[in-house]
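Participant: The sequence shown begins at 2 in our numbering and counts up by one.
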Amino acid sequence: MRITVASGKGGTGKTTVATNLALALSADHPVQFFDCDVEEPNAHIFLKPRIERTRSVEKLLPRVDDEKCTYCGECAKACEFNAIAVIGKRVIVYDDLCHGCALCKMVCPTGAITEVPHELGVIEEGTARGFPFSRGLLNVGEAMATPLIHELKAGIDPEALAILDAPPGTGCPTIAAIQGADLALLVTEPTPFGLHDLKAAVGVARSVGVPIGVIINRDGIGDDQVERFCATEGIPILLKIPFEREIARLYSQGIPLVDAIPEWKERFRTLYDDVAAETSERRDAGTGREDGQYSPLQGT
Numbered sequence: 002m003r004i005t006v007a008s009g010k011g012g013t014g015k016t017t018v019a020t021n022l023a024l025a026l027s028a029d030h031p032v033q034f035f036d037c038d039v040e041e042p043n044a045h046i047f048l049k050p051r052i053e054r055t056r057s058v059e060k061l062l063p064r065v066d067d068e069k070c071t072y073c074g075e076c077a078k079a080c081e082f083n084a085i086a087v088i089g090k091r092v093i094v095y096d097d098l099c100h101g102c103a104l105c106k107m108v109c110p111t112g113a114i115t116e117v118p119h120e121l122g123v124i125e126e127g128t129a130r131g132f133p134f135s136r137g138l139l140n141v142g143e144a145m146a147t148p149l150i151h152e153l154k155a156g157i158d159p160e161a162l163a164i165l166d167a168p169p170g171t172g173c174p175t176i177a178a179i180q181g182a183d184l185a186l187l188v189t190e191p192t193p194f195g196l197h198d199l200k201a202a203v204g205v206a207r208s209v210g211v212p213i214g215v216i217i218n219r220d221g222i223g224d225d226q227v228e229r230f231c232a233t234e235g236i237p238i239l240l241k242i243p244f245e246r247e248i249a250r251l252y253s254q255g256i257p258l259v260d261a262i263p264e265w266k267e268r269f270r271t272l273y274d275d276v277a278a279e280t281s282e283r284r285d286a287g288t289g290r291e292d293g294q295y296s297p298l299q300g301t
């Protein structure tokens with residue numbers, strides 16, 4: 002099973018949920034943890050992994066041989082991402098826009114385009130509290146996080162319980178982390194901003210056909226608009242984490258909630274048991290939820 006923990010914006014408690022879920026389940030399930038927030042990964046603060054391997058992740062960038070190029074412009078016409086332009090007797094490659102698909106090279110009639118490797122970042126792998134831990138680290142100044150996330154996800158064991166901590170927001174990196182998940186746990190807070198960003202995150206998860214469950218963090222600080230929205234949309238609220246001083250203190254010290262307060266370990270385990278049972282039933286029936294809802298569950 003694959004669970005991606007996401008949110009419409011940063012700072013809602015996404016990593017808190019992902020790390021505590023992994024710790025609560027690791028004693029009884031073959032957990033794998035993936036920190037897909039490659040621009041600012043921070044799951045290590047709570048899981049304190051021992052990194053054992055580091056490998057580079059590259060993409061291929063086009064380079065043009067001026068002696069062979071006829072400046073016909075076929076490469077620029079073919080590029081869907083506008084990453085290459087031909088202006089008079091000059092070819093300009095915009096590295097940050099290039100997706101490394103090599104189409105420009107394939108359509109070049111004179112063979113003037115070759116490819117050179119360019120490092121996007123690295124993937125670090127190791128163990129945290131006895132289970133596999135992986136994270137991506139995007140190089141400073143790099144604009145494209147998605148290939149690094151795809152490479153990170155390539156390490157998922159289909160027989161394991163993979164928990165992915167997604168990048169915040171609703172852009173391409175978040176979509177890359179959510180795609181293929183059995184469930185997207187969307188973490189929000191009961192405020193107008195929280196509701197606004199939750200709506201955006203729901204739209205993203207539904208667009209890729211992934212079932213949704215909501216977790217409300219800092220419960221008690223705002224109003225009931227998030228709950229009303231979830232009820233209207235048929236999205237279950239699977240867990241509420243109250244706005245309490247002790248929880249904030251533990252977080253500020255990098256102490257997982259399930260380590261300090263045993264009852265939270267049981268709450269996260271119950272959450273997983275509920276969603277795993279529903280996912281199993283859906284698979285046995287050979288059906289999916291095209292609307293991205295996870296309605297058979299009852300909110301707690």
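Positions of the beta carbon are idealized from the N, C-alpha and C atoms, including for glycine.
Note that this is a predicted model, so its numbers are computed, not measured.
Going by the beta-carbon positions, is the gap between V276 and L162 smaller than 8 Å?
Facilitator: Taking the sequence shown and counting its residues from 1, the one referred to as residue 276 is at position 275. Taking the sequence shown and counting its residues from 1, the one referred to as residue 162 is at position 161. The answer is no: Cβ separation not under 8 Å.
Participant: When you compare the stretch 40-59 with the stretch 71-78, are there three or more beta-carbon pairs, one atom per stretch, that lie closer than 8 Å?
Facilitator: Contact fails: fewer than three Cβ-Cβ distances are below 8 Å.
Participant: Between I213, N218, P159, P42, which has its C-alpha nearest L240's C-alpha?
Facilitator: Start at 1 with the first residue of the sequence shown, and residue 240 comes out as number 239. Looking at the Cα atoms, N218 is the closest of the given residues.
Participant: Sorted by chain position, which residues of the same chain lie with C-beta nearer than 7 Å to C37's C-beta, five sequence neighbours on each side aside?
Facilitator: Within the sequence shown, the letter at position 36 stands for residue 37. Counting only Cβ-Cβ distances below 7 Å, and skipping sequence neighbours, we find G137, I150, L153, L165, D166, A167, P168, A178.
Participant: Just checking my contact of L62 with D96 at CB under 8 Å: how many whole Å lie between their CB atoms?
Facilitator: What you label residue 62 is simply residue 61 of the sequence shown in a count that begins at 1. What you label residue 96 is simply residue 95 of the sequence shown in a count that begins at 1. So it is a contact: roughly 6 Å between Cβ atoms.
Participant: In three-state DSSP terms, what is H100?
Facilitator: Locating residue 100 in the sequence shown gives position 99, where the first residue counts as 1. Reduced to three states, the DSSP call for H100 is coil.
Participant: Tell me the residue span of the alpha helix (DSSP H) that contains T189.
Facilitator: Your numbering for residue 189 matches position 188 in the sequence shown. Premise fails: T189 lies in the beta strand (DSSP E), 184-189, not in any alpha helix (DSSP H).
Participant: Just confirm the distance between the C-beta atoms of V227 and G195, as a whole number of angstroms; I'd bet it's less than 8 Å.
Facilitator: For this step, residue 227 is matched to residue 226 along the sequence shown. For this step, residue 195 is matched to residue 194 along the sequence shown. With a Cβ gap of about 6 Å, V227 and G195 count as contacting.
Participant: Just the C-alpha distance for V259 and A103, rounded to the nearest angstrom, thanks.
Facilitator: Taking the first residue of the sequence shown as 1, we reach residue 259 at position 258. Taking the first residue of the sequence shown as 1, we reach residue 103 at position 102. Cα to Cα, the separation comes out at about 47 Å.
Participant: Could you tell me the distance, in whole angstroms, from the CA atom of T171 to the CA atom of S8?
Facilitator: Position 170 of the sequence shown, counting from 1, holds the residue named residue 171. Position 7 of the sequence shown, counting from 1, holds the residue named residue 8. If you take the alpha carbons of T171 and S8, they lie about 8 Å apart.
Participant: Using the C-alpha atoms, what's the distance from A86 back to G221?
Facilitator: The residue you call residue 221 lines up with position 220 of the sequence shown. The residue you call residue 86 lines up with position 85 of the sequence shown. Spanning the two alpha carbons is a distance of roughly 54 Å.
Participant: Just to confirm my understanding: we take H119, look at its own chain, exclude 5 residues before and 5 after, and list those with CB closer than 8 Å. What are they?
Facilitator: Position 118 of the sequence shown holds residue 119. Result list for H119: E59, K60, L61, L62, D96, in chain order.
Participant: Please identify the residue among S135, R250, E41 whose C-alpha is closest to the C-alpha of G142.
Facilitator: Position 141 of the sequence shown, counted from the first residue, corresponds to residue 142. Taking only the C-alpha atoms, the option nearest G142 is E41.
Participant: Look at the Cβ atom of D198, then the Cβ atom of K15, and state whether they are nearer than 8 Å.
Facilitator: Position 197 of the sequence shown, counted from the start, is the residue given in the question as residue 198. Position 14 of the sequence shown, counted from the start, is the residue given in the question as residue 15. For D198 and K15, no; Cβs fall outside 8 Å.
Participant: Kindly give me the distance between the Cβ atoms of G127 and R246, rounded to whole angstroms, as I take these residues to be in contact under 8 Å.
Facilitator: What you label residue 127 is simply residue 126 of the sequence shown in a count that begins at 1. What you label residue 246 is simply residue 245 of the sequence shown in a count that begins at 1. Not really, about 33 Å apart at Cβ, beyond 8 Å.
Participant: How big is the Cα-Cα spacing for H100 and F82?
Facilitator: Here residue 100 refers to the residue found at position 99 when the sequence shown is read from its first residue. Here residue 82 refers to the residue found at position 81 when the sequence shown is read from its first residue. C-alpha separation (whole angstroms): 8 Å.
Participant: Distance, Cα to Cα, M2 vs P193?
Facilitator: Here residue 2 corresponds to residue number 1 of the sequence shown, with the count starting at 1. Here residue 193 corresponds to residue number 192 of the sequence shown, with the count starting at 1. Each residue's alpha carbon lies about 32 Å from the other.
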